[in-house]
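Here's the structure, in structure tokens; my notes come after.
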Amino acid sequence: MILPKERDPRFITIRRGGTLTDSDHRLLALWAAVCAEHVLHLFESAQPSDSRPRQAIEQIRAWARGEIRMSQSRAAGGHAMAAARVRSGAARHAAFAAGQAAVVAHVAAHELGAAAYAIKAARAAAPAGGERSAGRLECCWQREQLPDAIRELVLDDQRLRNEICWSVFDC
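Once you know that position 126 of the sequence shown is 144 in our numbering, the rest is easy, because the numbers rise by one and skip nothing.
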């Protein structure tokens with residue numbers, strides 16, 4: 019579970035009654051893609067012939083550039099999550115990160131799902147005893163990638179949803 023029971027209007031676009039601008043929606047999508055791509059190698063090393071997670075990341079970037087429709091990116095996200103379901107450990111979490119990134123086109127609040135799954139992937143790939151440290155490092159790296167325009171929004175979202183995101187944002 020990564021989404022709150024009640025939707026935060028800050029993650030709903032203005033045309034749908036929220037306060038999120040299209041430009042900030044695109045920035046959230048691009049940041050989610052960066053988070054997912056940072057751990058993608060963990061999936062690709064386990065499943066080199068399966069390109070669905072990489073395609074999902076490519077699709078969300080194409081959506082952010084206005085090259086494809088939301089439904090195409092959302093579908094690619096579903097395919098990446100299907101790839102995740104048959105894997106375990108770091109590979110599974112990395113594919114889920116890619117899937118979550120791609121569905122940001124549909125629901126902006128999935129941006130935190132991409133980041134949280136990427137942190138879970140980093141933790142799962144760490145040597146025994148180094149999981150928490152690897153997670154903190156990944157979280158800090160992600161925060162360094164945040165564009166200024168959405169920085170406070172994402173940090174506040176992490177604070178509010180940390181508990182339902184497996185408490186991965188304690189960094």
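Think of the CB as a built atom: it goes at the ideal place given N, C-alpha and C, for glycine as much as any other residue.
Between the CA atoms of residue j and residue i - distance to the nearest angstrom
i: Ala115; j: Glu181; result: 18 Å
i: Ala109; j: Ala127; result: 23 Å
i: Gly148; j: Arg154; result: 10 Å
i: Ala152; j: Asp68; result: 26 Å
i: Arg87; j: Ile78; result: 10 Å
i: Asp40; j: Trp184; result: 29 Å
i: Met99; j: Gln160; result: 21 Å
i: Ala140; j: Asp188; result: 14 Å
i: Pro145; j: Val57; result: 16 Å
i: Ile30; j: Ala82; result: 16 Å
i: Pro66; j: Leu38; result: 37 Å
i: Val125; j: Asp26; result: 11 Å
i: Arg179; j: Glu24; result: 12 Å
i: Ala120; j: Arg177; result: 23 Å
i: Arg44; j: Leu173; result: 17 Å
i: Ser89; j: Glu76; result: 14 Å
Expected contact under 8 Å - CB spacing of residue i and residue j to nearest Å
i: Gly131; j: Gln118; result: 3 Å
i: Arg70; j: His111; result: Contact flag wrong, Cβ pair sits at about 15 Å.
i: Glu129; j: Ala50; result: 4 Å
i: Ala123; j: Ala74; result: Actually they do not touch by this definition, with Cβ atoms about 10 Å apart.
i: Ala113; j: Ala94; result: The Cβ separation is near 12 Å, so there is no contact.
i: Arg28; j: Leu164; result: Not really, about 15 Å apart at Cβ, beyond 8 Å.
i: Ile137; j: Val186; result: 4 Å
i: Ala133; j: Cys53; result: 5 Å
Alpha helix (DSSP H) segment containing residue i, residue limits
i: Gln77; result: 70–82
i: Arg44; result: 40–62
i: Ser91; result: 88–103
Counterpart residues of residue i in DSSP-defined beta bridges
i: Thr31; result: Leu38
For this session: Ignoring anything shorter than 4 residues or poking outside the stretch 106–186, list the alpha helix (DSSP H) runs there in chain order.
Result: Within the stretch 106–186, the complete alpha helix (DSSP H) runs of at least 4 residues are 107–120, 129–143, 149–163, 166–179.
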